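Q: Numbering of the sequence shown is given in our numbering, commencing with residue 34 and proceeding in unit increments.
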Amino acid sequence: MERPRAKLESFVPELVYFEPDALSYPKGKRIHEWAVKQGLPVRMTTSHNRITDLPGESELEKYRIAKRTLVVGLRKTLKFDTSKPSAEYAIPIATGCMAHCHYCYLQTTLGAKPYVRVYVNTDEIMDAARGYIAERAPQVTRFEAACTSDPVGLEPISGSLAELIEFMADQELGRLRFVTKFHHVDSLLGLRHNGHTRIRFSVNARYVIKNFEPATSSFEQRIEAAGKVARAGYPIGFLVAPIIWHDGWEEGYAELLDNLAKALPSGLPDLTFELIQHRFTKTAKNTIEKRYPKTKLEMDIEKRKYKWGRWGQGKYVYPDEQADALRMFISERIFDRFPQATIDYFT
C-alpha cells in the first residue's frame with residue numbers, strides 16, 4: 034500500500050537577502066522583522082538580480098540552497114510582459130518558486146537565478162496596472178500573477194495576493210488570475226474580491242504529484258483548498274498540467290476528477306479547465322537531468338513529436354495518437370462530472 038504524502042507546511046526559507054531600499058517600504062520592514070523573529074540568517078544585497086555568494090560546494094548543492102533562499106527587493110521594471118493565452122499581461126509580484134517540479138519551464142527561463150524573489154513596492158506595481166487598464170478601456174484587461182512564480186506559496190510571507198485581490202475588486206475593467214500548487218489560501222477567503230479574481234489550481238494524477246512535484250501541496254490539500262475557494266465565491270478554474278502518459282493514467286485522471294466533483298459545490302458557474310500535455314525542449318531536458326539525476330520523467334526524443342513554436346523554437350510533445358487519447362479521455366470526464374464547465378484549451 035502506498036504511503037500517504039506528508040502534508041506541506043508554509044515555506045520558511047533558510048537564508049534571506051534584502052535590498053537596502055526594500056527596508057524603506059512597510060512590507061520590506063515587516064518581512065525583515067519576521068525573518069529576524071524566525072532566527073533566519075539575514076544578508077544585504079545591492080540587487081535582487083545579482084546574488085553571487087550563495088553557499089554550496091557543487092552546482093547541484095547551490096541550486097538546492099537557492100530554492101530555499103528568499104530575496105526581498107523592488108521591482109524596478111514596471112513594463113509588464115504579455116501573458117497569452119492566460120491573460121493580457123503578467124503582473125510581477127514575485128519571481129522563482131520553492132517547489133521542485135522536475136518538468137517546470139522555470140528550470141530554463143530563470144537559468145542561474147533559481148532563488149525566490151518577492152517585491153515590496155506593490156503600490157507602484159498596482160499603479161502600473163491601472164495604466165494598462167486605462168490603455169485598453171473599454172475592454173477588460175486580465176493580469177496573470179503566476180507566470181514566474183507560485184504566489185500562493187509565498188502569500189504567508191508577502192501578503193501580496195491579498196493586496197492585488199482587493200485592488201482588482203475596485204477595477205471595473207480589471208481582472209486578476211493566478212494558478213497554484215499550494216493550499217495556503219485561508220488568508221484570501223474573507224477578502225472583498227467582487228468576483229474579479231479567478232483562482233486556479235494546478236492539479237494532476239497522484240502519480241505525477243508523487244514523482245515529479247516535490248515540495249508542493251498534496252493531492253488532498255489542493256482539492257480541499259479548491260473547495261474552500263469555491264465556497265468563498267471566487268471564480269475558480271483548474272490547470273491539469275502537465276498531463277503525463279504513464280501506467281494507469283486513465284485511472285489516475287479519473288480519480289482526480291471524481292475527487293474534484295466531490296469537493297466542489299455543485300453547479301458552479303463559470304468553471305474553467307486548461308489542459309496542457311507534457312512537453313520539453315532539449316535545453317530543458319539537459320537541465321532537468323543535471324538537477325534531478327534520478328528523475329523518472331520520460332523525455333525520450335525518439336518517442337515524441339516535435340512541435341514548432343511561434344518564435345521559431347519548438348518543443349517535444351506526445352505523438353498525435355497519444356495526445357488525442359489524453360485529450361478525449363480527460364475532456365469527456367470533465368464534461369461528465371462538470372456539464373457546465375468550459376475547457377479553455379488543450380495544448
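Positions of the beta carbon are idealized from the N, C-alpha and C atoms, including for glycine.
Every value quoted in this text rests on a predicted model; they were computed, and no experiment measured them.
Considering only residues of the same chain and omitting the five flanking positions on each side of threonine 314, which have a CB-CB separation below 8 Å?
A: Translated into positions along the sequence shown, residue 314 becomes position 281. Counting only Cβ-Cβ distances below 8 Å, and skipping sequence neighbours, we find Thr141, Gln346, Gly347, Lys348 and Tyr349.
Q: For phenylalanine 371, which three-state DSSP category applies?
A: Within the sequence shown, the letter at position 338 stands for residue 371. Reduced to three states, the DSSP call for phenylalanine 371 is coil.
Q: Check whether the Cβ atoms of threonine 213 and leucine 41 lie closer than 8 Å to each other.
A: Indexing the sequence shown from 1 puts residue 213 at position 180. Indexing the sequence shown from 1 puts residue 41 at position 8. No, the Cβ-Cβ distance between threonine 213 and leucine 41 is not below 8 Å.
Q: Tell me whether the beta-carbon of isoleucine 334 lies closer than 8 Å to the beta-carbon of isoleucine 276.
A: In the sequence shown, residue 334 corresponds to position 301, counting from 1. In the sequence shown, residue 276 corresponds to position 243, counting from 1. Against a cut-off of 8 Å, the Cβ pair of isoleucine 276 and isoleucine 334 comes out as no contact.
Q: For a test of the three-state rule: what should DSSP assign to glutamate 35, helix, strand or coil?
A: Here residue 35 refers to the residue found at position 2 when the sequence shown is read from its first residue. Only weak support exists for where glutamate 35 lies, its pLDDT of 46 falling under 50; the coordinates are left without a value.
Q: Is glutamate 306 near alanine 238, with beta carbons less than 8 Å apart?
A: Indexing the sequence shown from 1 puts residue 306 at position 273. Indexing the sequence shown from 1 puts residue 238 at position 205. What sits at residue 306 in the sequence shown is phenylalanine, not glutamate. Going by C-beta atoms, phenylalanine 306 is not nearer than 8 Å to alanine 238.
Q: Can the beta-carbon of valine 173 be found closer than 8 Å to that of leucine 107?
A: What you label residue 173 is simply residue 140 of the sequence shown in a count that begins at 1. What you label residue 107 is simply residue 74 of the sequence shown in a count that begins at 1. No, these two residues do not count as a Cβ contact at 8 Å.
Q: Under a three-way DSSP split, which group does glutamine 172 fall into?
A: Here the question's residue 172 lines up with position 139 in the sequence shown. Of the three classes helix, strand and coil, the one that applies to glutamine 172 here is coil, per DSSP.
Q: Thinking leucine 290 and arginine 370 are a contact (beta carbons under 8 Å), I'd like their distance in whole angstroms, please.
A: For the purposes of this step, residue 290 is taken as residue 257 along the sequence shown, with counting starting at 1. For the purposes of this step, residue 370 is taken as residue 337 along the sequence shown, with counting starting at 1. Yes, they are in contact, since the Cβ atoms of leucine 290 and arginine 370 sit about 5 Å apart, within 8 Å.
Q: Compute the beta-carbon to beta-carbon distance between histidine 216 and alanine 258, rounded to the nearest angstrom, for a pair I have assumed lies under 8 Å.
A: What you label residue 216 is simply residue 183 of the sequence shown in a count that begins at 1. What you label residue 258 is simply residue 225 of the sequence shown in a count that begins at 1. Contact holds; Cβ gap of about 4 Å.
Q: Which runs of the alpha helix (DSSP H), 4 residues or longer, sit entirely within the stretch 128–198?
A: You should have 139–142, 155–169 and 184–191.
Q: Could you check what DSSP says for tyrosine 58 in three-state terms: helix, strand or coil?
A: As a first step, residue 58 must be located in the sequence shown, where it is residue number 25. The answer is coil: DSSP assigns tyrosine 58 none of H, G, I, E or B.
Q: Considering alanine 238, what are the terminal residues of the beta strand (DSSP E) in which it resides?
A: Counted from its first residue, the sequence shown places residue 238 at position 205. Neither: alanine 238 is in no beta strand (DSSP E) and is coded neither H nor E.
Q: Return the CA-CA distance between phenylalanine 252 and asparagine 292, expressed in angstroms with no decimal places.
A: Your numbering for residue 252 matches position 219 in the sequence shown. Your numbering for residue 292 matches position 259 in the sequence shown. So the two alpha carbons sit approximately 10 Å from each other.
Q: Give the range of the beta strand (DSSP E) segment to which isoleucine 256 is assigned.
A: In the sequence shown, counting from the first residue as 1, residue 256 sits at position 223. Segment 252–264 is the alpha helix (DSSP H) holding isoleucine 256; no beta strand (DSSP E) there.
Q: Three or more beta-carbon pairs under 8 Å between the stretch 107–121 and the stretch 184–203, yes or no?
A: With the cut-off at 8 Å, the stretch 107–121 and the stretch 184–203 do not touch.
Q: Beta-carbon within less than 8 Å of isoleucine 321's beta-carbon, same chain only, minus the 5 sequence neighbours each way: which residues are those?
A: Position 288 of the sequence shown, counted from the first residue, corresponds to residue 321. His135, Tyr136, Gln140, Phe313, Thr328, Leu330 and Met332, listed in sequence order.
Q: Can you round the beta-carbon distance between arginine 366 and alanine 296 to whole angstroms, since I take them to be within the 8 Å contact cut?
A: What you label residue 366 is simply residue 333 of the sequence shown in a count that begins at 1. What you label residue 296 is simply residue 263 of the sequence shown in a count that begins at 1. Not a contact, Cβ separation roughly 15 Å.
Q: Any chance the stretch 205–212 sits against the stretch 57–65, with 3 or more Cβ pairs inside 8 Å?
A: Output reads no: the stretch 57–65 does not touch the stretch 205–212.
Q: In chain order, what residues of the same chain lie with their CB nearer than 6 Å to the CB of lysine 338, ignoring the 5 residues before and after it?
A: As a working mapping, residue 338 is identified with position 305 in the sequence shown. Around lysine 338: Val350 and Pro352.
Q: I need the boundaries of the alpha helix (DSSP H) containing tyrosine 96, first residue and last residue.
A: As a first step, residue 96 is located in the sequence shown; it is residue number 63 there, counting from the start. From DSSP, the alpha helix (DSSP H) with tyrosine 96 extends over 92–99.
Q: Can you find the residues in the same chain that come closer than 6 Å, C-beta to C-beta, to glutamate 177, ignoring five residues on each side of it along the sequence?
A: On the sequence shown, residue 177 is found 144 positions in, with the first residue counted as 1. If we look at glutamate 177 and ignore the five residues flanking it on each side, its Cβ neighbours are Ser116, Ser119, Ala120, Ala123 and Arg210.
Q: Name the DSSP beta bridge partners of glutamine 71, please?
A: Along the sequence shown, one-based indexing puts residue 71 at 38. In DSSP, glutamine 71 forms no bridge with anything.
Q: Put glutamate 52 into one of helix, strand or coil per three-state DSSP.
A: Counted from its first residue, the sequence shown places residue 52 at position 19. The answer is coil: DSSP assigns glutamate 52 none of H, G, I, E or B.
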